[in-house]
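Residue numbers (the numbering used here), protein chains in the order written: chain A, 57 to 349; chain B, 57 to 349; chain C, 57 to 349; chain D, 57 to 349.
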C-alpha cells in the first residue's frame, strides 16, 4: 500500500510539474494566468500602499491582501521545489532566486521593522512576469532584438565610457566658471548637470546663470545634439546588418515552404528549470541542468 | 405625375451623392473645401471659448456661430444618410460614427449642463479632415508610412512593455532612496518621474535631491540615452527594408535606358540656337550660349 | 574723349563686377572676406545693443559703427546695381531683396522711432553669409543634404500634420481633465504643453498636477518616444538610398581617375545674379536670367 | 668597474622601460593597474575637495593624499623621460604634455594661491586613462567608430553651422516679440533659449510668456523635431556604408565553408553518449539525450 501511495504521490508530483512548469495543458495555462493576476495585484497593492491618502483609508485591507498573496506565493515556491526532479538547480537559478526574494522579506518584516525596502522587493515580482510571457510571441521578438543588439554592445559601452569621461571633464570645467553658491555647488553636482544636459533631459534644477556659463552650456548642448546621433547610428546599422544577414541565410527553395532555422514554433527558448538561454532548437534536455523539456 | 416627382427626387439624390461623397466634380471639391473651412472654424471656436479673456467679450458670438455650424453639420449628416444607397453601412462606419459624435453632444448639452466635455468633442471634428484629405497625395504617403511601420509594430510593443516594467522597478527604487516629503511622495509619482526622465522630456517638477538619488538619476538618464536608440533603429531598418523590397519588385529591363540627370519629365529641349542638349526643364535661356529659348 | 571716358567707365564696371560678384581673383576673394567681416561685426553690434549693461556704456560707439557699416552696405548695394548688366534681375532676386532689407530699415528708423525691429533686420544680414560661403566646400555638402532630404519632404510634412492634429486633440483632452486655474488655463496652452511634451523639450512651465493628468502625460511621453523615431527613420533611409543610388550611377572605369558627374571643382552652383540653383555643371550662362557666369 | 655600473644602469633603464611603457609583462600590466588606481583616486580627491561638507572634515587628509599622488606622478614622469631612448619625442607628444600638465600646476599652486583651476587640471588626468586602456579591445572599437564618423564630419559641421545661424535669427526674432523684463532680457539670452529649445533640452529657466511667443516656440520645437533627425540620418548612413564597404573588401572564397550557428570558438564537442553534434559551447549536458558531458 505504501508503494501505491508513493506511486500516487509521484503521479501527483508529475501532474503538478506539468501544471506549474508546463504551458501546454489548459491547467498549465490557467495556472500561469492566475499567477500573472496575483503578481499584478501585488504590485498594485505596493503602489497603493505608497499613496498616503489611499493607505490611510484601506491600510488593513492592503495588508491582509498582501499576506494572502505572499502565502500563495510561498505555497507555489514550495510546490516548485517539491515537484521538480532537480530542485537544487531550481533554487539557485535566476527565477528561483527571484521567487525566493519576492517572498522572504515579507516574513523578515515581522522581526525587522524597516518596511521601506518591502515595496521595492514586492515590485521586483514584476520580473516573474517575464517567465510567464515566455509562451507568447513576445519573447521571440525580444530575443531577436537582443541578438541584434549584442554586436553593438561593445561599441555602446565604449560610447558610454567616453560620454562619462566627457561629462566629468565638462562638469569640472563648469564648476570652475560658475559661482558655487546657487546651482553648481560641487563637482558631482556639476557632473550631474552635465549628464542632464548632454542626454537632453534638461530638468532645470541646475542651470547656468553667468553669460560665459550659458555660452559653454550652449556648446555642450549642440555637442550633445551630435553625440545623441551616435548610439542611434550604431544600433540602426547593426540592426539592419542583422536582418540583411538573416535574409541572405534563408535557403531559397523553389516553393516557399521550407521552415528556416528561426522557426520558433514548438521551441522552448528558455530552460523551464534554470532559465538557460538559448536552448538548441531541437533540445529535449537542457544542456546546462539536464532537465527534461 | 407622382412617378415623375420620384424620378426627379432620385436624380436629385444621385446629384447630392456626387457632391457630398464624390471628389471628381467641381461641386464636390467645393463642398469638401467648405466642409474643411467649417471644421477649422468650429475647432477655432472651441479654442477661443476656452480662453477666458476672449470668451468674456464675444461669448454670444461664439455660441451663435457654434450653433450655426452644428446645424450645418446636422443637415450634412442627414443628407449623407439620405443620399447614400447603403445608409446602414455609412452610419456604422468609422467616419459615420465620428460624424454623429461631433454633432450629438451639442444637442445633449441642452439637457445636461456639463459643457466641459463639449470642447474635446468639437475638436474631435478634426478627424473628419482626414476623409477630406483622402483625395490628395497625402494619404498615399501616410499609407506607405503605415505599411512600413506595420512590421515593426510588435517589436515596438515589446519595447514599450519592457520600458514600462523598467520604469515601474526604477520608480519604486527611487521612491525607496529619496525622501517622501517633497518630490517623490508616492510610487506612482516616482514612476511618473522615471518616465519623464527616460523619455528625456525632463519637466523638472519632480527632481532628485539627495546625492545618491542624483547618481541613480544620472545612470537612468544614460540608460535612456541608449534605450532611445532602439525604437529609432527598429523603425529605420524596417523602413529601409520596406523600400528595398519595393525597389526589387520593380521589373529590371535588360538595357538600362539610362535616365539623365534632368529627366524629371518629357519636356526637355534642345537649344534653338546652338543645339545644346539637354536643357534644364525650366530653362528660359540656354546655359551654353545664353540665347533666349 | 567722351568715348574714351565711356570706355574707361565700362572697363571699370567690368572690373568692379569681377571683384564684387566674382570669386576667382584675389581682389574678389578679399572683397568677400571684408564683407564677411562687416556682416559679423554688424550682427555682434546688434547683439551688444540688446544687452543693457553693455549698451549703457558704449551706446554711442555702437551707433556710430552701425552707421558706418550701413553706409558701406549701401555703397556696396549701389555698386552691385551699377556694375551688373542685368540690374533688374539682381534687385528682384533673393539676395537682392536680402541686401535691400538689410539696409533700408536703418534709414527708415530716422523717421519711424520704433527701433525694436531694427535688431532682427540687422541679424537677417547673416543670410548674406550664405552667398559668400558659396565658394567653399560647404555649399556642396549642404546641397547634397538638401537633395537627399527632398524626397522625404512630403513624408515629413504628412508626419508633422499628423503630429499637429494629435497635439490639438490630446491638448483638448488634457484641458478637459486638468483644473483650469494653474497650468492648463486654456486649450491653446494645453496644445502648447502637448507640443512641449511630444517633442521631449519639457520646459516644466506647464505641468500636469492631477494623478489622472500625470498618467495621461506618461502615455503621451511614451507615445512621443515612438513618434520621434519616425522622422529619423524617414530621413535616414532616404539618405542611405540617395547615397546608394549615387554610388551605383558612378561609371566603373578600370583605373579610378574618371571625374564623375559630381566633381564640383570649377563649378558655380548658384547663378551669381539671380541665385538660380542648380546651374548645369558646364553652364557658361545662367539658364534663367542669361547672365554670364 | 664604472663600465659594469653603466651596464647595470642601462639594463635597469631597459627594464624600467619595459615596465613603464610596455604592457606585455606581468610587471608592466601591474604598473598600468597601479597607475589607473592612482588616477582614479586623484580624480575622486578633486571631487571630494569640491564638496564643502566633506572637505571641512577631511581637508588635511585630502591634501596629504593629493601631494603623495602628485609626487608619485612626478617620479613617474621623470622615469618616463629617463628610460625612454627618445625622450624629446615623449615630452612633446600628446600624452607627454598631458602628463606634464597634470603635475606642474600642483607645484605652481605653491606660489600662485588660485586653487580654483587646480581641480579641473587634476581631472584632466582622466585623459591619461585612455593610454592605459590602449591595450584592451576598447580602442579598436573607438577607432572603428572614429573612422566611420570621419566621412560625416563635414556634413555635421555644415549642419551645426546652419543650426547656429538659425538659432541666432530665431533668437533675435523671439527677442523682438517677447517682453524684455523677465526671460528674454537680451539677444544672447534669446539665442541661448533657442539652442536649449532646438536641442530639446528644455531647462525651463527661459520660457515664452506671451501667446504669440508660445506659438513661435511651438513652431521652433516642431522644427527641431525634424532637424534632430538630420545628424542621426547622416551618422547612421555613413556608418552603414562604412560597414558595407568593410564587408565587401573581405575576400569571397568560392565555397562558403559555412560557419554553423554555434561556431563561436573551436571548442565544440560531440556528445560522449549519443554523438550529437554540435553541442552548445557551454554544454554541461547533452541537449538530446541528457547525458552529462
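Note that the Cβ used here is the ideal one computed from N, Cα and C, for glycine as well.
Of the residues D:260, D:200, D:105, the one whose Cα lies closest to the Cα of residue 301 of chain D is D:200.
In this structure the region 76-94 of chain A lies against the region 125-139 of chain A, because at least three pairs of beta carbons, one per stretch, are closer than 8 Å. In the DSSP annotation of this structure, the continuous segment of the alpha helix (DSSP H) that includes residue 155 of chain C starts and ends at 150-157. Going by DSSP, residue 61 of chain B is part of the alpha helix (DSSP H) stretching over 58-77. Contacts with chain B (Cβ-Cβ distance below 8 Å) from the region 225-245 of chain A involve 244, 245, listed in chain order. Across the structure, residue 127 of chain B and residue 185 of chain B are spaced so that their CA atoms are roughly 18 Å apart. Buried is the label assigned to residue 249 of chain B, since at least 16 other Cβ atoms lie within 10 Å of its Cβ. Per DSSP, the unbroken alpha helix (DSSP H) holding residue 145 of chain C starts and ends at 143-147. Put simply, the backbone Cα of residue 255 of chain A is about 27 Å away from that of residue 298 of chain A. A contact is defined here as three or more CB-CB pairs under 8 Å, and the region 230-240 of chain B fails this definition with respect to the region 218-232 of chain A. Distances from the CA of residue 282 of chain B to each of B:215, B:115, B:148 were compared; the closest alpha carbon is that of B:215. Of the candidates A:234, A:294, A:284, A:234 places its Cα closest to the Cα of residue 273 of chain A.
Residue nearest to residue 179 of chain B within the set B:97, B:110, B:295 is B:97 (criterion: CA-CA distance). Taking a Cβ-Cβ cut-off of 8 Å, the neighbours of residue 277 of chain B in chain A comprise 251, 252, 255, 257, given in sequence order. A Cβ-Cβ separation of about 6 Å places residue 257 of chain A in contact with residue 253 of chain B under the 8 Å criterion. For the C-beta of residue 270 of chain C, the chain B residues within less than 8 Å are, from N- to C-terminus, 244, 245, 248. Proximity to residue 76 of chain B across B:106, B:153, B:140, B:103 peaks at B:140, based on C-alpha coordinates. Remark: C-beta atoms of residue 182 of chain B and residue 219 of chain C do not approach each other more closely than 7 Å. When DSSP states are grouped into helix, strand and coil, residue 208 of chain A belongs to the coil group. Note that the C-beta distance between residue 263 of chain C and residue 239 of chain C is below 7 Å.
The Cβ of residue 292 of chain C sits closer than 7 Å to at least one Cβ of chain D. As the crow flies, the alpha-carbon of residue 162 of chain D is around 60 Å from that of residue 136 of chain C. Judged by beta-carbon spacing, residue 106 of chain D lies within the 7 Å limit of residue 243 of chain A, meaning their Cβ atoms are closer than that value. For residue 109 of chain D, there are no C-beta contacts with chain B under 9 Å, since the nearest C-beta of that chain is about 10 Å from it. Residue 182 of chain D belongs to the set of residues whose beta carbon lies under 7 Å from a beta carbon in chain A.
Using a Cβ distance threshold of 7 Å, residue 80 of chain B and residue 260 of chain C do not count as a contacting pair. 7 Å or more divides the Cβ of residue 295 of chain D from the Cβ of residue 78 of chain A.
DSSP places residue 287 of chain C in the helix class (H, G or I) of the three-state scheme. Sequence-distant Cβ neighbours of residue 87 of chain A in its own chain, meaning closer than 8 Å and more than five residues away, are 75, 76. By the neighbour-count criterion, in which 16 or more other beta carbons inside 10 Å mark a residue as buried, residue 151 of chain A falls on the buried side. Residue state for residue 240 of chain D is assigned as coil, using DSSP reduced to three classes. Residue 260 of chain B reaches chain C at 258, 259, 260, 263, counting residues in chain order whose Cβ is nearer than 9 Å. Listed in chain order, the non-local C-beta contacts of residue 245 of chain D below 7 Å within the same chain comprise 262, local neighbours out to five positions each way being set aside. Straight across, the Cα-Cα distance linking residue 175 of chain C with residue 146 of chain C is about 25 Å.
Taking a Cβ-Cβ cut-off of 7 Å, the neighbours of residue 297 of chain C in chain B comprise 299, given in sequence order.
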